[in-house]
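Participant:
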């Protein structure tokens, strides 16, 4: 498994359950290809960005109204506000994209594991190897 993927495995324990590291790398490659082709991904990201932009606009208007003595048309204020807005907007988009698709990514990894013959609960990700009862002991889901 590549260094980047091993860091991802710290966050997603499903990646450690793959029989071979090449299988995990192939699953991640397929996920990235699928993700960028999903219109829902781009629509959700756009909606998240629009919401963040609207909130930022309202906050900036409130700041401008509450501080009438400061002339926000001066270039140092514009640069400071623009830089802080771009940085916070970028972080919000990155985190929002990560947060929105985390569950779907985990579900994809679990489905991929089951197609490779590794018994994993699709609901919670519990490793079902050696399980005799046809129910997940973690969440109770049948398999």
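In our numbering, the protein residues as written are 56 to 198.
Even glycine gets a Cβ: it sits at the ideal position worked out from N, Cα and C.
All figures in this text were calculated on a predicted structure; none of them were measured in a lab.
1) Under a Cβ-count criterion, where at least 16 other Cβ atoms within 10 Å of its own Cβ denotes burial, should residue 89 be classed as buried or exposed?
2) In three-state DSSP terms, what is residue 113?
3) Jot down the residue ranges of each uninterrupted alpha helix (DSSP H) in the segment 72-115, minimum 4 residues, whole runs only, in chain order.
4) Locate the alpha helix (DSSP H) running through residue 163, then write down its first and last residues.
5) Can residue 136 and residue 115 be called in contact, C-beta distance under 8 Å?
6) Can we count residue 82 as close to the ligand SAH, meaning its CB is less than 7 Å from some heavy atom?
7) Would you say the segment 166-174 touches the segment 118-134, given that touching needs at least three Cβ pairs under 8 Å?
8) What residue from 108, 85, 124 and 189 has the CA that sits closest to residue 143's CA?
9) By DSSP's criteria, residue 190 is part of a beta bridge. Which residues make up the other side?
10) Apply the 10 Å Cβ neighbour rule to residue 85 and answer buried if 16 or more other Cβ atoms are within range, or exposed otherwise.
11) Mind checking whether residue 174 and residue 161 have CB atoms under 8 Å apart?
12) List the DSSP bridge partners of residue 23.
13) For the structure I just gave you, are there three or more beta carbon pairs, one from the segment 184-194 and one from the segment 138-156, closer than 8 Å?
14) What did DSSP end up calling residue 182 once you bin it into helix, strand or coil?
15) Determine contact between the segment 97-113 and the segment 149-163, defined as no fewer than three beta-carbon pairs at a distance below 8 Å.
Facilitator: Judging by the given coordinates:
1) exposed
2) helix
3) You should have 76-92.
4) 130-170
5) Cβ atoms of residue 136 and residue 115: closer than 8 Å.
6) In the structure shown, the ligand SAH is absent, as is every other ligand, since no ligand is present at all.
7) no
8) 108
9) 197
10) exposed
11) no
12) Since the displayed the chain opens at 56 and closes at 198, residue 23 lies outside it and no answer follows.
13) Cβ pair count under 8 Å is below three, so no.
14) strand
15) Contact check between the segment 97-113 and the segment 149-163: three or more CB pairs, one atom from each, fall below 8 Å, which counts as touching.
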